[in-house]
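Written out below as structure tokens is the structure these notes cover.
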Amino acid sequence: MPLTSRHLLGLQGVPKEDIQLILDTATTFREVLERPIKRVPTLQGKTIVNLFYENSTRTRISFELAEKRLSADSVNFAVSASSVSKGESFKDTMRNIEAMKVDMVVVRHSTAGAPLFLTKICDANVINAGDGIHEHPTQALLDMYSIREKLMKLEGLKVCIVGDISHSRVALSNIYGLKTMGAEVSVCGPLTMIPRFIEELGVKVIYDIDEAIQENDVLNVLRIQLERKAREYFPSIREYAKYFGITEERLEKNGKDILILHPGPINRGVELSSGVADGLNQIILRQVTNGVAVRMAVLYLLGTLN
Amino acid sequence: MKAVLKNINLLHPEQKINEKGVDILLIDGVITKIGNLTKEDSASAEVFNFSGKYVVPGLFDMHVHLREPGREDEETVITGCNAAASGGFTGIACMPNTEPAIDSAEVMELIHKQSSAHLVNVHIVGAATLGRKGEVISPMAELKDAGAVGFSDDGVAIKTASILKRALEYSKMFDMPIIEHCEDESLAGGAMNESINSTRLGLPPIPSIAEDLIVIRDIMVSEYTGGKIHIAHISTKKSIELVREAKKKGLKVTSEVSPHHFTLTDDAVKTYDTNTKMNPPLRTQEDLDEVYCGLKDGTIDCIASDHAPHSLEEKEEEFEHAPNGIIGLETEVGLALTELVHKKIINLEKLIEKMSINPRKILNIPIPKFEPGQTANFTILDIDEIWTVDLTKSKSKSKNSPFDKRLLTGKAVAVLNKQMMYYQDKYFKL
């Protein structure tokens, strides 16, 4: 059974069967990653461009590895090395790349909707690797994969996303994906970082981190952006760490076995204490490994559609 | 030239004229006789059979961006006037956010020179402050003498309450309005209305209070100074309620709405079509419903296009980077008839008040009269013609509109002004 769409732009509106298929396919590729020779010929002859308009070493490397392990030819197009700095429009850049006959484009862009725009001007399969504060579907898929791997299910689980929800593409994709898979989703963070109408997505809002710990099976803790602009949304790092940071004391106090995810990179001592970041509850590095398998699954399923 | 407009419906809300099936005799574009014409009257006249069409006082759009001087690649005075005539307008007021801003008699002169021979009357809204910077009020007396009909910092609200106070005090001497783009600077900068849609789409939000806060500031400063304030492109429920309250108190506050704000909600942004990006942004159904109430009860005095031409290159950028605004002169009448008159929000008479009479009243411009001796200043409307918007046929130099291919009911078929007529895509002397 193939996927219902030839692009992966986000998880909004993606049917349960598609998510299930991606996660199940990832399980197969996860096994490949444990082999001594971590390479399959699945996408041999396919050309993939990693179009990164925004710096993201981790996501790019994860995609690159996934592409290489599927034997695809991949090219990196990074903003600093490109003609974008020469004032070329997004559309022209894309047309040029398409003229080079590529099969798939993995795109990271600082503005929402850029991947959708791409699908209108080129024929390749488009995979969103993060657009503005909109979606980051492969991150959410790898989060779901990692939760499922650990807890054996998604349906009926209570998952809370903690941190700056307003400026997070990870949060929105997680909300859509988890809800589709039957999980109960809540968000927790300072109200200045929670979108005003988020409850209309069927998400509960929690202000108290202890309540979030008590009520949930999983915490997906987001990175707090420490750049100047994001810093205007909370009083101080000290205050954030004190009232929203996850520490061992907090976990102990609430006496709960809870699974902790983080998309990385971690601000140690801010959203997670070092003890928690390295502790028994977290699966942070596992997420990174799974990320490659999930991206292989997405590339494979889309790349073999046509 | 002798011309007869035959079998028309004559409608003039201000003169309380509403007659069906009359003829008008024009000699050299001047109204000579209205009523039943004799054979002698019509002898050797060119006869235009406008059976069933409405002749109304020439429509007026008080919020148009002509882009000249500065961005002639997007619109010039002439192409803007052509779009106005084709959309059914005999008069427009152009806004001062040009480069340089219209803050001197010299820039006004340049625009007047371009427009003087055109059928469409171009009136100018001067900048309220020098360079629209919100620091020093503009030479309003000089601008008035050069023909300005109002003042605005257009595109932004006047920066501080203290400068607004001065602008209102100064303009009060001439009984001229300050036209405000109401947006609190500290809350501005987003790409769409703050709603569940902005969250879903991941676009930086503009909260509705950004508009409301400046509306209430402006109303209060207007009340304090006694100066006239006109709220441009009103779009939120709360702002309309505030204007309604102000009007109840008898304050000198008026307002206008743009066709896209009574036609579309922010649901239209879902495709990231940059032609749905405007400022103020498209709002919610709740706001639209209040717009209808405001149009009905007179809180909203005028309909104005906020015609904002932008080049294709600019509108093809990513949504967050694309400029705000759409062209509107040629879809305004069709949208107003379709969305307001045919859906029975307001009747045709009220619509003509809002598109012809009220804007002129606000800007102290004489209202065209239907009586012998007057030069004809008419718009001829076919309120039932069904047509499809085709941007390739637009007279504007830019094509940025979300209404391409939209089916509309009702349009302007001709305009007459300055002893000229525009009909079937042609201008000719009367």
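If you read the sequences in order, they're chains V and H.
Take our numbering: the final residue in the first sequence is number 569, and no numbers are missing along the way.
Take our numbering: the final residue in the second sequence is number 657, and no numbers are missing along the way.
C-beta: ideal position from N, C-alpha, C; glycine also.
A quick note: this is a predicted structure, and the numbers were derived from the prediction, not measured.
Whether residue i touches residue j by CB criterion (7 Å)
i                     : j                     : result
residue 311 (chain H) : residue 358 (chain H) : no
residue 289 (chain H) : residue 531 (chain H) : yes
residue 287 (chain H) : residue 587 (chain H) : yes
residue 618 (chain H) : residue 625 (chain H) : no
residue 623 (chain H) : residue 553 (chain H) : no
residue 568 (chain V) : residue 265 (chain V) : yes
residue 401 (chain V) : residue 561 (chain V) : yes
residue 321 (chain H) : residue 345 (chain H) : no
residue 389 (chain V) : residue 365 (chain V) : no
residue 560 (chain H) : residue 638 (chain H) : yes
residue 470 (chain H) : residue 426 (chain H) : no
residue 355 (chain V) : residue 377 (chain V) : no
residue 457 (chain V) : residue 468 (chain V) : yes
residue 467 (chain H) : residue 409 (chain H) : no
residue 373 (chain H) : residue 332 (chain H) : yes
residue 496 (chain H) : residue 490 (chain H) : no
residue 379 (chain H) : residue 355 (chain H) : yes
residue 289 (chain V) : residue 311 (chain V) : no
residue 350 (chain H) : residue 534 (chain H) : no
residue 497 (chain V) : residue 423 (chain H) : no
residue 252 (chain V) : residue 556 (chain V) : Any answer about residue 252 (chain V) is impossible in this case: the structure gives chain V only from 264 up to 569.
Under 9 Å from the C-beta of residue i: neighbouring residues of chain H
i                     : result
residue 270 (chain V) : Within chain H, no residue comes near residue 270 (chain V); the closest Cβ sits about 14 Å away, beyond 9 Å.
residue 432 (chain V) : 429
residue 449 (chain V) : Residues of chain H passing the Cβ test: none, with the nearest at roughly 15 Å.
residue 398 (chain V) : 429
residue 352 (chain V) : 540, 543, 544
residue 361 (chain V) : Those within 9 Å of residue 361 (chain V) in chain H number zero; the least Cβ separation is about 16 Å.
Contact set between residue i and chain H, taken where Cβ atoms lie within less than 8 Å
i                     : result
residue 275 (chain V) : 427
residue 435 (chain V) : 426, 427, 429
residue 467 (chain V) : The premise fails here: residue 467 (chain V) is roughly 15 Å from chain H at the closest Cβ pair, so nothing lies under 8 Å.
Where residue i meets chain V, residues with beta-carbon distance less than 8 Å
i                     : result
residue 538 (chain H) : Those do not exist, as residue 538 (chain H) stays about 12 Å from chain V at its closest Cβ, beyond 8 Å.
residue 499 (chain H) : 375, 376, 379, 380
Cross-chain neighbours of residue i in chain V, by beta carbon under 9 Å
i                     : result
residue 421 (chain H) : 458, 459, 460
Where the alpha helix (DSSP H) containing residue i begins and where it ends
i                     : result
residue 456 (chain H) : Premise fails: residue 456 (chain H) lies in the beta strand (DSSP E), 456-458, not in any alpha helix (DSSP H).
residue 547 (chain V) : 547-566
residue 380 (chain V) : 377-384
residue 451 (chain V) : Residue 451 (chain V) -> not in any alpha helix (DSSP H); beta strand (DSSP E) instead, spanning 447-451.
residue 282 (chain V) : 279-295
residue 437 (chain V) : 432-443
residue 409 (chain V) : 400-414
Residue span of the beta strand (DSSP E) that contains residue i, given as start and end
i                     : result
residue 470 (chain H) : Premise fails: residue 470 (chain H) lies in the alpha helix (DSSP H), 464-475, not in any beta strand (DSSP E).
residue 267 (chain H) : Note, residue 267 (chain H): premise wrong, no beta strand (DSSP E); alpha helix (DSSP H) at 266-269.
residue 304 (chain H) : Taken as a continuous stretch (DSSP letters only), residue 304 (chain H) belongs to no beta strand (DSSP E), being part of the alpha helix (DSSP H) at 304-314.
residue 529 (chain V) : Note, residue 529 (chain V): premise wrong, no beta strand (DSSP E); not H, not E.
residue 647 (chain H) : 647-650
residue 538 (chain V) : Per DSSP, residue 538 (chain V) belongs to no beta strand (DSSP E); it is in the alpha helix (DSSP H), 537-540.
residue 253 (chain H) : 244-254
Cβ distance (whole Å) where residue i is taken to contact residue j below 8 Å
i                     : j                     : result
residue 235 (chain H) : residue 249 (chain H) : 6 Å
residue 394 (chain H) : residue 385 (chain H) : 6 Å
residue 516 (chain H) : residue 463 (chain H) : Going by Cβ atoms, the distance from residue 516 (chain H) to residue 463 (chain H) rounds to 12 Å, so no, they are not a contact pair.
residue 644 (chain H) : residue 317 (chain H) : 4 Å
residue 302 (chain H) : residue 536 (chain H) : 4 Å
residue 485 (chain V) : residue 470 (chain V) : So it is not a contact: roughly 16 Å between Cβ atoms.
residue 509 (chain V) : residue 539 (chain V) : 5 Å
residue 282 (chain H) : residue 237 (chain H) : 5 Å
residue 524 (chain H) : residue 589 (chain H) : With a Cβ gap of about 17 Å, residue 524 (chain H) and residue 589 (chain H) do not count as contacting.
residue 592 (chain H) : residue 376 (chain H) : 6 Å
residue 547 (chain H) : residue 353 (chain V) : Contact doesn't hold; Cβ gap of about 11 Å is too wide.
Proximal residues of chain H, C-beta to C-beta of residue i below 7 Å
i                     : result
residue 374 (chain V) : 545, 546, 547, 548
residue 395 (chain V) : 429, 547
residue 463 (chain V) : 423
Threshold first: 4 residues or longer. Then list the alpha helix (DSSP H) segments lying entirely within the segment 518-599 of chain H, N to C. Listed in chain order, the complete alpha helix (DSSP H) runs (minimum 4 residues) inside the segment 518-599 of chain H are 539-542, 559-563, 575-579, 585-589.
Note down, one range per segment and in chain order, each alpha helix (DSSP H) of at least 4 residues found wholly within the segment 303-366 of chain V. Qualifying alpha helix (DSSP H) stretches, in chain order: 320-332, 353-362.
In chain order, which alpha helix (DSSP H) runs of at least 4 residues are fully inside the segment 593-636 of chain H? Runs of the alpha helix (DSSP H) inside the segment 593-636 of chain H: none found.
Tell me the start and end of each unbroken beta strand (DSSP E) in the segment 332-369 of chain H that is at least 3 residues and wholly inside, in chain order. Annotation note: the segment 332-369 of chain H contains the following uninterrupted beta strand (DSSP E) runs of length 3 or greater, listed N- to C-terminal: 348-354.
Note down, one range per segment and in chain order, each alpha helix (DSSP H) of at least 4 residues found wholly within the segment 358-445 of chain H. Within the segment 358-445 of chain H, the alpha helix (DSSP H) runs of at least 4 residues that lie entirely inside it are, in chain order, 367-372, 388-399, 423-428.
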